[in-house]
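Residue numbers (the numbering used here), protein chains in the order written: chain A, 8 to 364; chain B, 9 to 419. The C-beta atom is built at its ideal place from N, Cα and C for all residues, glycine as well. Every value quoted in this text rests on a predicted model; they were computed, and no experiment measured them. Structure first, then comments.
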Amino acid sequence: MVTDTLGLVMKAFIVIGAVMTMAGYAVLLERKVAARVQGRPGPNRTQIPILGSIPVIGTFLTRLGVFQPAADGLKFLFKEDPLPGHVNKFYYVLAPMVAFIPAMLTMTVLPFGAVTDPVTGATSPIVLADLDIGILFILAVSSLGVYGIILGGWSSNSKYPFLGGVRASAQMISYEIALGLSILPVFLWFGGTLNLFNVVEGQSQVWTALVQPVSALIFLIALFAETNRLPFDMPESETDLVAGYNTEYGAFKFGLFFVGEYTHIIIGSGVFVVLFLGGWTLPFITLPAGMVGAVLSVLIFLAKVFCIVFFFMWVRWTLPRFRYDQVMNLGWNKLLPLAIGNLVFYAIVIAVIEQLN
Amino acid sequence: MAVKEVSIGDIGSRAAQADEEFGGDKMLINMGPSHPATHGVLRLKVELDGETVTKCDPVVGYLHRGDEKIAENMTYNQFVPYTDRLDYIGPIHNNVTFALAVERLANLEVPPRCQAIRVLCCELARLQSHLLGCGVYGMDTGALTVFMYTFTQREKLYTLMEQLTGARFTTSYTRIGGLMRDVPDGWLGNVRKVIDEMEPVIDEIDKLLSRNRIFYDRTVGVGVISKEDAVAYGLTGPNLRASGVALDLRKDKPYLGYGQYDFDVPIGTTGDSYDRWLVRLEEMRQSIGIIRQAIDKMPDGPFYAEDAKKIFAPPKSKILTSMEELIQNFMIVTEGPQMPVGEVYFEAENPKGALGFYIVSKGGGVPYRMKIRSPSFCNLSILSKMVPGHMVADIPVILGSLDFVLGECDR
């Protein structure tokens, strides 16, 4: 019992460490992608004394910017952490945590690989907590993240953050509906299971994105809105609201918001991969049993997540930003009816298929 | 059967009353003088009803340096560096406009080669200004990459300016009656190379944004300036032309021999932010055309007015060998270019609009009074009429589409 708990705690720390590192490197990736899109080299100067001075590899790593996330993180840590006099101190300090914790929590139920027992041939997911209602947990917890932004905007007691917070709450609540409706057909398709592992196993031959392209599209758009990424970055929209809800934040508290945002993107991409892109499976390929297969499955999953994260960044550095009312219009007048129509259509299709069988 | 009339009263007045009762307070926010959207130190006092702007009050003057008063204390040539700091996005055009104004006061015509070089400078400045204007406009709508693309090209123009004048930013290239020096060897070839590289980039940003649905939604119908308003508020330059008024001083009152160049004046139809974007893009293409013609037709001859002995100081090589020219140089440097008594108003088509210099001279080398008519100042005056009714997020778009520069507005 004790060793079980200890093992789970260890696993949790490993996963959290991995996700934090990935968030840090997502920031680096963002800067490198931005640089590539804009014809710049991107971060290529940061060095770590010993590692950076190894003749060929050190130079290569420096050019690649792999030490940059460490420098960024240290900067966030060592900067003076100001507490403005006009803020509501309790909520002001609480907000970054509220934004950060849900983003990390969703990771617990997201399966990111599968291990096949060589003896029995039974497959089980690599996940911290294999919940039967995994997707409900993810939806419920990830939508708590909006409170961090609202609190941040509200407790700052300042006008630009306030506007950012108001925008964020309206936007995220609106898009949550489309997001929720867009994934219902997926679970209907897999016989009503809400377990993410079953959904992935059901896609071993054909990905849901091919069966239900409209669901995937709606989910992806809503995901952009949920993670406040351009073209939906209303709460931040730096040209009119300076920096939106985090205008009054600095140092480590800003860092938490920042890392929380990237964690959100990574987890969101993970959910998208699980739901629509077949998770850790590849069509027509059966992974070997045992440890090798498990590692391969995790790598496949990470590769797919990387592609989606890259897509997020590609879009950010290409498109202009929507206006607030256009975002709401798109959410309520376009995506919501489309999501409902999509749901009804697949409900009928599934009912017909079941009748025929 | 008795009929009973049922009434719920006057709904209209009750609704109005409820509106008043529950109507929230208006929020007053300051955009600027330090704000990412305001391109410099413009301050907007904006009153908001929710996200809608109900009142917008621009406050200018944070960059006021008193250039007009400064001009009274120095010779005409000494004022040229101050003109760099007017529209610092395309500084060389201000040099040219100022020189032209003073030359008109002296009734002096510069030789054709000098004119052609100045035309080249003006159009390069227009490219500089519009490249930044379009890039920043893209950035204001959220498309950050366009800015990088245009700025890469602008950087090449800076290098050209460095080759021509020795300075990248503060060019101070013109002198009254001529130029600082002739174009260096091979420079015209460099210009041709740069504009050849620039043309595809202009097409690229055109393709990136002009037909982009989000950009289109953000700009079409936003910040509409009617023809009448544009004229009434004294708008000039691309902002006026986007409203459908075909006023271009290069065509209407040709100076520098602009009459001999073949170019079109693009005008808009509705006067919204989208039209202003398109007009600027097309103006860049026309400028490139003018530059090509100017290079092809570049005449030989002196680059300064040789007969204006009391206005243009002769080249150094002559000063050090001839007594007469040494005295001439000494007089011009100490007393300034000698101007007749009189007053003049001259305006030229700067990248941002009509930049005008009104100069009163009581003779001698120092102006008695100078007034600068800055296009940015006039273009900004329409903000308080234009912005109310739009949303907060439209303000950066409108500001970006007006493409002003505060150095010139506040002078």
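Straight-line Cα distance separating residue 399 (chain B) from residue 57 (chain B): 9 Å
Distance cut-off 8 Å: residue 282 (chain A) Cβ against heavy atoms of the ligand GTP: Among the components of this structure there are no ligands whatsoever, and the ligand GTP is therefore not found.
Minimum Cβ-Cβ distance from residue 346 (chain A) to chain B less than 9 Å: no
The stretch 304-320 of chain B touching the stretch 245-256 of chain B, judged by at least three CB pairs closer than 8 Å: no
Cross-chain neighbours of residue 325 (chain A) in chain B, by beta carbon under 7 Å: 153
Under 9 Å between C-beta atoms of residue 94 (chain A) and residue 162 (chain A): yes
Residue 291 (chain A) - DSSP class collapsed to helix/strand/coil: coil
Chain-ordered chain B contacts of residue 249 (chain A) [CB-CB under 7 Å]: 43 and 44
Local conformation of residue 223 (chain B) per DSSP, three classes: helix
Range covered by the beta strand (DSSP E) that runs through residue 121 (chain A): 121-123
Chain A within 9 Å of residue 335 (chain B), Cβ atoms only: no
Nearest to residue 121 (chain B) (by Cα), restricted to the options B:264, B:12, B:385 and B:416: B:264
According to DSSP, residues forming a beta bridge with residue 354 (chain B): B:365
DSSP bridge partner residues for residue 343 (chain A) (one or two, in chain order): According to DSSP, residue 343 (chain A) bridges with nothing at all.
Cβ-based burial, residue 144 (chain A) [other Cβ within 10 Å; buried from 16]: buried
Endpoints, the beta strand (DSSP E) within which residue 35 (chain B) is located: 35-39
Where residue 317 (chain B) falls: helix, strand or coil (DSSP): coil
Backbone CA spacing between residue 95 (chain B) and residue 167 (chain B) [nearest angstrom]: 19 Å
CB of residue 167 (chain A) within 9 Å of CB of residue 37 (chain B), strictly: yes
Boundaries (first-last residue) of the beta strand (DSSP E) holding residue 55 (chain B): 51-57
Nearest candidate by alpha-carbon position, reference residue 422 (chain B), set B:267, B:239, B:67 and B:220: Nothing about residue 422 (chain B) can be read from this structure; chain B reaches only from 9 to 419.
Buried versus exposed call for residue 86 (chain A) [16 or more other C-beta atoms within 10 Å across all chains shown]: exposed
Residue 308 (chain A) versus residue 225 (chain A) - alpha carbon distance: 22 Å
Opening and closing residue of the beta strand (DSSP E) in which residue 380 (chain B) lies: 377-381
Sequence-distant residues of the same chain with beta carbon closer than 7 Å to residue 155 (chain B), five excluded per side: 143, 144, 146 and 147
Close beta carbons around residue 323 (chain A), own chain, < 7 Å, minus the five adjacent residues each side: 236 and 237
CB contact check: residue 38 (chain A) to chain B, cutoff 9 Å: no
Proximal residues, the stretch 227-241 of chain A versus chain B, C-beta separation under 9 Å: 237, 238, 240 and 241
Neighbour list for residue 402 (chain B) in chain A, Cβ cutoff strictly below 9 Å: 247 and 330
8 Å Cβ cut-off: residues of chain A touching residue 225 (chain B): 329, 330 and 333
Candidates A:234, A:170, A:203 and A:204: closest to residue 2 (chain A) by CA position: Residue 2 (chain A) lies beyond the stretch modelled for chain A, which goes from 8 to 364, so this question has no answer here.
Coil, strand or helix - residue 22 (chain B) by DSSP: helix
Test item: CB-CB of residue 52 (chain A) and residue 28 (chain A) under 9 Å: no
Burial state of residue 288 (chain A), where buried means 16 or more other Cβ atoms lie within 10 Å: buried
Sub-9 Å separation of residue 72 (chain A) and residue 35 (chain A) beta-carbons: yes
Residue interval of the beta strand (DSSP E) (run including residue 322 (chain B)): First-last for residue 322 (chain B): undefined, no H or E at that position.
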